[in-house]
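Engineer: Position 407 of the sequence shown, counting from 1, maps to 407 under UniProt numbering, and the rest follow consecutively. Idealized CB from N, CA, C, for every residue including glycine.
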Amino acid sequence: MAAAACTPFTPQISAKPSVSRSNSRLHGLSITRSSHESVRAGAGLRIRSSLVVETEEKKAPSLEGFGFDVVSEAELKERGFMGLRKTKVVCTVGPACCGEEELEGLARGGMHVARLNMCHNTREWHREVIGAIKRLNQEKGFCIGVMIDTEGSQMHMVGHGSASSIKAEDGSVWLFTTEKFEGSRPFTIQVNFEGFSEGMTSIIDMDLWVWNILPYNPFLHMLLNLCLAGILVGDDIVIDGGMATFEVIEKVGDDLHCKCTDPGLLLPRAKLSFWRDGRLVEMNSGLPTLSTKDWADIEFGISEGVDYIAVSFVKDVNDITNLKSYLSTRSSEFIKVLAKIESLESLKNLEPIVKASDGLMVARGDLGVQIPLEQIPTIQQKVTYLCRQLNKPVIVASQLLESMVEYPTPTRAEVADVSEAVRQQADALMLSGESAVGSYAEKALSVLCMASGRMELWSREENRQNLLFLPQLAETLPDRIAEQICNCAVEMANKLGVDAIFVYTKHGHMASLLSRNRPNPPIFAFTDNDNARKGMNLHWGVTPLEFPLSDVVEDNFKQTISLMKNRGTVRPGDMILVVSDSDVSCSSARPSVSQSIQVRTID
1 MAAAACTPFT PQISAKPSVS RSNSRLHGLS ITRSSHESVR AGAGLRIRSS
51 LVVETEEKKA PSLEGFGFDV VSEAELKERG FMGLRKTKVV CTVGPACCGE
101 EELEGLARGG MHVARLNMCH NTREWHREVI GAIKRLNQEK GFCIGVMIDT
151 EGSQMHMVGH GSASSIKAED GSVWLFTTEK FEGSRPFTIQ VNFEGFSEGM
201 TSIIDMDLWV WNILPYNPFL HMLLNLCLAG ILVGDDIVID GGMATFEVIE
251 KVGDDLHCKC TDPGLLLPRA KLSFWRDGRL VEMNSGLPTL STKDWADIEF
301 GISEGVDYIA VSFVKDVNDI TNLKSYLSTR SSEFIKVLAK IESLESLKNL
351 EPIVKASDGL MVARGDLGVQ IPLEQIPTIQ QKVTYLCRQL NKPVIVASQL
401 LESMVEYPTP TRAEVADVSE AVRQQADALM LSGESAVGSY AEKALSVLCM
451 ASGRMELWSR EENRQNLLFL PQLAETLPDR IAEQICNCAV EMANKLGVDA
501 IFVYTKHGHM ASLLSRNRPN PPIFAFTDND NARKGMNLHW GVTPLEFPLS
551 DVVEDNFKQT ISLMKNRGTV RPGDMILVVS DSDVSCSSAR PSVSQSIQVR
601 TID
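(1) Quick check on the burial criterion: 16 or more other C-beta atoms within 10 angstroms. Buried or exposed for residue 609?
(2) Comparing C-alpha positions only, which one of P544, N566, P548 and F524 sits nearest to F81?
(3) Helix, strand or coil for G535 per DSSP?
(4) I'd like to confirm the pairing. Which residues does DSSP put opposite P572 in its beta bridges?
(5) Are V503 and V579 touching if we call contact CB-CB under 8 angstroms?
(6) Which residue spans inside the UniProt domain "Pyruvate kinase C-terminal" (483-582) form an unbroken beta strand (DSSP E) run of at least 3?
(7) Which residue or residues does DSSP assign as beta-bridge partners of L265?
(8) Within the continuous alpha helix (DSSP H) that includes Y407, where are the two ends?
(9) What is the DSSP secondary structure of L228, reduced to helix, strand or coil?
(10) Please report how far the alpha carbon of C143 lies from the alpha carbon of A428, in whole angstroms.
(11) Who pairs with A428 in a beta bridge, going by DSSP?
(12) Assuming contact is defined by CB atoms lying nearer than 8 angstroms, are R567 and F246 in contact in what I supplied?
(13) Can you tell me whether P186 is buried or exposed, with buried defined as 16 or more other CB within 10 angstroms of its CB?
(14) Beta strand (DSSP E) containing D294: first to last residue?
(15) State the Cα-Cα distance for the pair E342 and E483, rounded to the nearest angstrom.
(16) What does DSSP give as the partner residues of H257 in its beta bridges?
(17) At which residues does the alpha helix (DSSP H) containing N121 begin and terminate?
(18) Flag this pair as touching only if the stretch 355-367 and the stretch 387-395 have three or more C-beta atom pairs under 8 angstroms; answer yes or no.
(19) Taking three-plus beta-carbon pairs below 8 angstroms as touching, is the stretch 170-186 in contact with the stretch 330-341?
(20) Please classify R279 as buried or exposed, where buried requires at least 16 neighbouring CB atoms within 10 angstroms.
(21) Thinking C-alpha only, which one of E102, G110, C91 and V418 is nearest S72?
(22) Measure the C-alpha to C-alpha separation of E351 and K340 and round it to an integer number of angstroms.
(23) I'd like the span of the alpha helix (DSSP H) that includes Q375, first residue to last.
(24) With distances taken between CB atoms, is the gap from S165 to F193 smaller than 8 angstroms?
(25) In whole angstroms, what separates the C-alpha of T411 from that of R330?
(26) Bridge partners of W275, per DSSP?
(27) Quick one: measure Cβ to Cβ for F526 and L545, integer angstroms, because I've assumed they're closer than 8 angstroms.
(28) Within the continuous beta strand (DSSP E) that includes I309, where are the two ends?
(29) Note down the Cα distance separating F345 from Q598, rounded to an integer number of angstroms.
(30) In the DSSP assignment, find the unbroken beta strand (DSSP E) run with T188 in it and report its ends.
(31) Mark E414 as exposed unless 16 or more other C-beta atoms lie within 10 angstroms of its C-beta, in which case mark it buried.
(32) Near V252, what residues of its chain come up, given a Cβ to Cβ distance below 6 angstroms and the 5 sequence neighbours on each side ignored?
(33) Alpha helix (DSSP H) containing D417: first to last residue?
(34) Return the chain-ordered ranges of every alpha helix (DSSP H) run that is complete within the stretch 431-458 and spans a minimum of 4 residues.
(35) Considering only the alpha carbon of each residue, which of S328, M243 and H257 lies closest to V233?
(36) With DSSP run on the structure shown, which of helix, strand or coil describes Q472?
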């Protein structure tokens, strides 16, 4: 029904339409769907089409309430609308970039979201970083979202006698033990399920609701202390997805004597996986996805007002729904829950996980430990396409520019890897060790931005946009109408060759639907909801702007154009396609809520 209603208004031309010049400042075509104009007969919905000629307000609104982040504004002035990068960037914050100066460098370089890995550093350290990011947003005009990443129920190296990395040489013999020790023991590594090391007392002060979703196991702590009991002589221990490999050559009680067969760096708190006869040995199948430490970290994230929580080693949809339910009890529904795809279980339950989450991260490093390496590229594309079809942002992560942890330039293969993720139109790319512990964090970010920008330009110039089939998502009539309006708006924008799409949105839903269609022009999403603004930070091609919305679309458009003119970010002749999901008109006795498409040319 909604599709039929939109069909007559999709232009079949590729050039910009001629617009009569007069003394008026704005010209355009308006297509509006009003709720009181809807009919259920014949072709279905009646849509009003009319020529709109409006004059600008003589008095421009104040610039103070206009939240245009400084990076997008600078890019727009320098490169124009089509020069804006559409692929978002997530940077992991670590010791190499945690100072305010370094964080500002990343922000100016194009970072959209700062990721904090709760596996590393103390909560006080994370609190200071979050505070620094918020100060940058408030004092210097950035719009950086904050993401925390849970540790999960994985086995880690807790200590190896060194505060930093240590090299494991080929043929050297090491002791792996669950015994706690202080100081340095040469060639000795303590391991455990660190996420549970805080014990259940770490969440005593949390809402009792949490206890209902933590599985009761009276032998939990005994099992954790015996975490190496099931390992056999001849098994392999893989460190951090392949940074180093050991073979178990002797077992004394629960301690393992292991010979290094593949030398490499042992980083603090590195993850361990175990292999037997070419198959992964499941060590955490009986443990919950969110450990006791994770719940304490989540509580910390709520108190600090983070924007995203990425859940590590998701197994099924319950891992996501349980966390969302808890956030609801804490009135923190605005926090977006992202599922990290890095286990066999998550691949088996992929579609339900995507539907339940607010977005996904393809964590290729840990995923590559659990599936054959040659399957990683196809899995990445499958997840990326599925997320777009279901309108969920997806982040491609892990080892994009791994060599830049140590070197100032990437390998050519790494640049090709970045370009392939951009060609697949992933919403965002993520730097991990490159920014967290690398010596060239800002250079790595610059390479990521340049490579993604070049691939976006090539795809647009060569008309290589990915024509992915997008199924209808909406179930109710109003949602179906909104979805079809966004589909039609993007088709119009591409065929008319407009310079930009403006969308006025309360919660960001219309902006996400526009982004799902991957339009050629950039999307500027105006909202008066700061949580919605930060939530749009991961959506492809969307520049979220804070703006005090009026109930009347005409007022919103005239004010935003006046503000952008004053800032030098729009020019005469620019053609703007305007979409709105709320237009309350009280000019008649029967107010209506409208969704509209308007094409305007700036004079």
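Structural biologist: Considering the structure as presented:
(1) Within the shown structure, residues of the chain are numbered from 1 to 603, placing residue 609 beyond reach of any answer.
(2) As a first step, residue 81 must be located in the sequence shown, where it is residue number 81. Out of P544, N566, P548 and F524, F524 has the C-alpha closest to the C-alpha of F81.
(3) Locating residue 535 in the sequence shown gives position 535, counting from the first residue. Note: G535 maps to helix in three-state DSSP.
(4) Sequence index remark: in the sequence shown, residue 572 carries index 572 (1-based). DSSP, once it has assigned bridges, lists no residue as partnering P572.
(5) Mapped onto the sequence shown, residue 503 falls at position 503. Mapped onto the sequence shown, residue 579 falls at position 579. Cβ atoms of V503 and V579: closer than 8 angstroms.
(6) 500-504, 523-527, 542-546 and 575-580
(7) Residue mapping note: residue 265 aligns to position 265 of the sequence shown, counting from 1. In DSSP, L265 forms a bridge with K167.
(8) Start at 1 with the first residue of the sequence shown, and residue 407 comes out as number 407. Unbroken run through Y407: none, as it is neither H nor E.
(9) On the sequence shown, residue 228 is found 228 positions in, with the first residue counted as 1. Here L228 sits in coil by DSSP.
(10) Indexing the sequence shown from 1 puts residue 143 at position 143. Indexing the sequence shown from 1 puts residue 428 at position 428. Those two C-alpha atoms are separated by around 16 angstroms.
(11) The sequence position of residue 428 within the sequence shown is 428, counting from 1. K88 and I395, per the DSSP bridge assignment.
(12) As a working note, residue 567 is residue 567 in the sequence shown. As a working note, residue 246 is residue 246 in the sequence shown. Not in contact: R567 and F246 (Cβ atoms no closer than 8 angstroms).
(13) Counted from its first residue, the sequence shown places residue 186 at position 186. By the 10 Å Cβ count, P186 comes out exposed.
(14) Indexing the sequence shown from 1 puts residue 294 at position 294. First-last for D294: T292 to E304, but that is the alpha helix (DSSP H), not the beta strand (DSSP E).
(15) Start at 1 with the first residue of the sequence shown, and residue 342 comes out as number 342. Start at 1 with the first residue of the sequence shown, and residue 483 comes out as number 483. The straight-line gap from Cα to Cα measures roughly 31 angstroms.
(16) Against the sequence shown, residue 257 aligns to sequence position 257. L175 and E250.
(17) As a working mapping, residue 121 is identified with position 121 in the sequence shown. Looking at the DSSP string, N121 is not in any alpha helix (DSSP H), and its letter there is neither H nor E.
(18) yes
(19) no
(20) One-based indexing of the sequence shown puts residue 279 at position 279. The residue in question, R279, is exposed, as its Cβ has fewer than 16 Cβ neighbours within 10 Å.
(21) Counted from its first residue, the sequence shown places residue 72 at position 72. Here the closest residue by C-alpha is G110.
(22) Indexing the sequence shown from 1 puts residue 351 at position 351. Indexing the sequence shown from 1 puts residue 340 at position 340. Between E351 and K340, the C-alpha separation is close to 13 angstroms.
(23) By one-based count along the sequence shown, residue 375 stands at place 375. Neither: Q375 is in no alpha helix (DSSP H) and is coded neither H nor E.
(24) Along the sequence shown, read from residue 1 onward, the residue named residue 165 stands at position 165. Along the sequence shown, read from residue 1 onward, the residue named residue 193 stands at position 193. For S165 and F193, no; Cβs fall outside 8 angstroms.
(25) Here residue 411 refers to the residue found at position 411 when the sequence shown is read from its first residue. Here residue 330 refers to the residue found at position 330 when the sequence shown is read from its first residue. Their Cα atoms are separated by approximately 46 angstroms.
(26) Position 275 of the sequence shown, counted from the first residue, corresponds to residue 275. W275 is bridged to D236 and L280.
(27) Within the sequence shown, numbered from 1, the residue matching residue 526 stands at position 526. Within the sequence shown, numbered from 1, the residue matching residue 545 stands at position 545. So it is a contact: roughly 5 angstroms between Cβ atoms.
(28) For the purposes of this step, residue 309 is identified with residue 309 of the sequence shown, where counting begins at 1. Note, I309: beta strand (DSSP E), Y308 to V311.
(29) In the sequence shown, residue 345 corresponds to position 345, counting from 1. In the sequence shown, residue 598 corresponds to position 598, counting from 1. According to the sequence displayed, residue 345 carries Glu and not Phe. Cα-Cα distance, rounded: 46 angstroms.
(30) For this step, residue 188 is matched to residue 188 along the sequence shown. Looking at the DSSP string, the run of the beta strand (DSSP E) that includes T188 is T188 to N192.
(31) Taking the first residue of the sequence shown as position 1, residue 414 is located at position 414. Buried is the call here.
(32) Residue 252 sits at position 252 when you count from the first residue of the sequence shown. There are no such residues.
(33) Translated into positions along the sequence shown, residue 417 becomes position 417. That run of the alpha helix (DSSP H) goes R412 to R423.
(34) 433-436
(35) Counted from its first residue, the sequence shown places residue 233 at position 233. Residue H257 is the option with its Cα nearest to V233.
(36) Here residue 472 is taken as the residue at index 472 of the sequence shown, counted from 1. Q472 falls in the coil class under three-state DSSP.
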